[in-house]
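In UniProt numbering, the protein residues as written are 1 to 363.
Built from N, CA and C at the ideal position, the CB exists for glycine as well.
All of these numbers come straight from a predicted model, not from anything done at the bench.
This report refers to the structure that appears directly beneath it.
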């Protein structure tokens with residue numbers, strides 16, 4: 001993970017709607033202690049962006065994180081899961097981060113990269129009883145969007161650490177929607193172009209089909225593991241709903257909406273994958289037809305060349321014999337009668353052969 005001097009630590013108090021930023025945990029530690037003890041029911045949220053191993057260890061010591069959680073965050077565990085620990089539960093999600101300007105300049109000439117290039121990244125959410133801790137990557141704007149959503153809430157009483165976790169999951173899943181729509185538009189463009197493309201356009205068109213199929217497979221892979229995470233989150237909320245100390249059973253309604261979004265996007269991606277598969281089949285069929293047309297034209301040209309060779313090769317042989325150091329007809333005659341006679345015979349043979357081949361439709 002990258003390190004830097006920017007404000008990589010952000011502490012958000014849901015009660016006061018204040019955001020405090022710092023470049024190290026030492027700067028944020030005192031503010032965190034005051035926010036945690038400020039008022040009963042004050043939900044806090046700490047977001048760490050591009051955390052180094054030292055930053056993770058500092059947060060782990062202050063919040064008593066389990067060593068397995070620290071290992072997952074440090075090593076960037078890619079498996080999407082939900083795990084329960086004594087004082088918190090951990091949710092890890094695969095999301096998409098926009099590539100920075102420096103990275104974009106390095107791949108700007110790469111035709112295999114789609115516009116608005118993104119790369120996969122992991123989001124780790126630790127949900128405590130009174131607060132939430134997230135470890136995210138740069139280019140991932142889920143934290144800022146969820147904070148903006150909290151500021152627009154009409155009923156702040158619904159705020160809790162579980163609700164922040166739900167909002168993050170909801171934003172992660174919704175962030176895949178624009179990429180799915182972009183792939184859908186691209187598939188429609190390719191579908192319109194595939195039957196009118198020229199021979200010179202076939203190679204770039206095949207590359208576009210390959211790119212869109214790769215993007216769809218990547219999106220499907222990133223979303224597939226989230227169903228298990230959501231199911232585990234729903235079961236946990238159902239367990240809390242039966243307990244009188246956790247009046248958060250209404251959160252299940254929100255999670256059902258998230259599940260609907262996830263199922264809808266996965267269904268659309270499956271449909272797009274089927275469409276692009278048919279596009280690839282149509283492209284290969286169109287390429288096969290073009291190759292057959294080219295083969296017919298080549299065969300036709302070669303047959304004409306063969307016919308012409310059949311006519312002229314024997315004449316070349318005759319002229320070759322006359323060119324040898326032997327006696328030829330009309331050698332001692334001082335007029336051009338024999339010359340024009342032989343040329344006339346050649347011309348007659350050529351015209352007769354051409355007439356026969358034309359009647360046989362070989363020319």
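Point to revise | Neighbourhood of residue 184 by C-beta distance below 8 angstroms, restricted to the same chain and skipping five residues each side | key: Hits under 8 angstroms: 268 and 272.
Review point. Is the Cβ-Cβ distance between residue 146 and residue 171 less than 8 angstroms?
Key: Yes; because the gap between Cβ atoms is below 8 angstroms, this pair is in contact.
Exercise for review: Quick one: give me the first and last residue of the beta strand (DSSP E) that residue 76 is part of.
Suggested key: Counting along the chain, no beta strand (DSSP E) covers residue 76, and no H or E run does either.
Review point. Can you tell which of 239, 289, 263 and 93 has the C-alpha that lies nearest to the C-alpha of residue 252?
Key: Scanning 239, 289, 263 and 93 for the CA closest to the CA of residue 252 turns up 239.
Point to revise | Whole-angstrom distance between residue 206 and residue 189, CA atom to CA atom | key: Going from the Cα of residue 189 to the Cα of residue 206 covers about 13 angstroms.
Exercise for review: Leaving out five residues on either side along the sequence, give the residues of the same chain with a beta carbon under 6 angstroms from the beta carbon of residue 220.
Suggested key: The residues are 269.
Check your understanding: Taking the C-alpha atoms as reference points, what is the distance between residue 32 and residue 73?
Key -> Cα-Cα distance, rounded: 21 angstroms.
Check your understanding: Would you call the stretch 12 to 19 and the stretch 142 to 156 in contact, with 3 or more CB pairs under 8 angstroms?
Key -> These segments touch.
Review point. Would you say residue 258 and residue 173 are within 8 angstroms of each other, going by their C-beta atoms?
Key: Yes. Within cutoff.
**Study point:** Cβ neighbour criterion (16 or more within 10 Å) applied to residue 30
**Key:** If you draw a 10 Å sphere on the C-beta of residue 30, you find fewer than 16 other C-beta atoms in it, and that means exposed.
Check your understanding: Which of the three DSSP states, helix, strand or coil, is assigned to residue 124?
Key -> Strand.
Review point. Roughly how many angstroms separate the alpha carbons of residue 300 and residue 191, rounded to a whole number?
Key: Distance between residue 300 and residue 191, taken at the CA atoms: about 33 angstroms.
Check your understanding: DSSP puts residue 323 in a beta bridge; with which residues?
Key -> For residue 323, which the question treats as bridged, DSSP gives no partner whatsoever.
Check your understanding: From what residue to what residue does the beta strand (DSSP E) around residue 223 run?
Key -> According to the DSSP assignment, residue 223 belongs to no beta strand (DSSP E) but to the alpha helix (DSSP H) extending over 202 to 224.
Review point. For residue 196, which of helix, strand or coil comes out of DSSP?
Key: Coil at residue 196, not helix or strand.
Review point. Can you list, in chain order, the residues of its chain whose CB lies under 6 angstroms from that of residue 20, leaving out five sequence neighbours each side?
Key: Excluding residues within five positions, the ones whose Cβ falls inside 6 angstroms are 11 and 31.
Review point. If we count the other Cβ atoms within 10 Å of its Cβ and call it buried at 16 or more, is residue 247 buried or exposed?
Key: Any reading at residue 247 must be qualified, since the residue scores a pLDDT of 48, below 50, and its modelled position is unreliable; the value itself is stated next. Answer is exposed; the Cβ neighbour count stays below 16.
Check your understanding: From which residue to which residue does the alpha helix (DSSP H) around residue 337 run?
Key -> For residue 337, the enclosing alpha helix (DSSP H) stretches over residues 337 to 359.
Check your understanding: So residue 81 and residue 122 are in contact, right, with Cβ under 8 angstroms, and what is the actual spacing, rounded?
Key -> Contact doesn't hold; Cβ gap of about 11 angstroms is too wide.
Exercise for review: Reducing DSSP to helix, strand and coil, say where residue 163 ends up.
Suggested key: Of the three classes helix, strand and coil, the one that applies to residue 163 here is helix, per DSSP.
Check your understanding: In chain order, what residues of the same chain lie with their CB nearer than 6 angstroms to the CB of residue 47, ignoring the 5 residues before and after it?
Key -> 10, 134 and 143.
Exercise for review: Tell me residue 84's beta-bridge partners as DSSP assigns them.
Suggested key: 89, per the DSSP bridge assignment.
Point to revise | residue 303 vs residue 362 beta-carbon contact at 8 angstroms | key: Taking 8 angstroms as the Cβ cut-off, residue 303 and residue 362 qualify as a contacting pair.
Review point. Which class does residue 273 belong to by DSSP, given the choice of helix, strand or coil?
Key: Looking at residue 273 - three-state DSSP - the assignment turns out to be helix.
Check your understanding: Hey, quick one: how far does the beta strand (DSSP E) through residue 11 stretch, first residue to last?
Key -> From DSSP, the beta strand (DSSP E) with residue 11 extends over 9 to 13.
**Study point:** Local Cβ density within 10 Å of residue 297, reported as buried at 16 or more and exposed below that
**Key:** Exposure of residue 297 is indicated by the presence of fewer than 16 other C-beta atoms within 10 angstroms of its C-beta.
Review point. When the Cα atoms are used, what is the spatial distance from residue 315 to residue 196?
Key: Computed Cα separation, rounded: 47 angstroms.
Review point. Under three-state DSSP, which class holds residue 22?
Key: Residue state, collapsed to three classes: strand.
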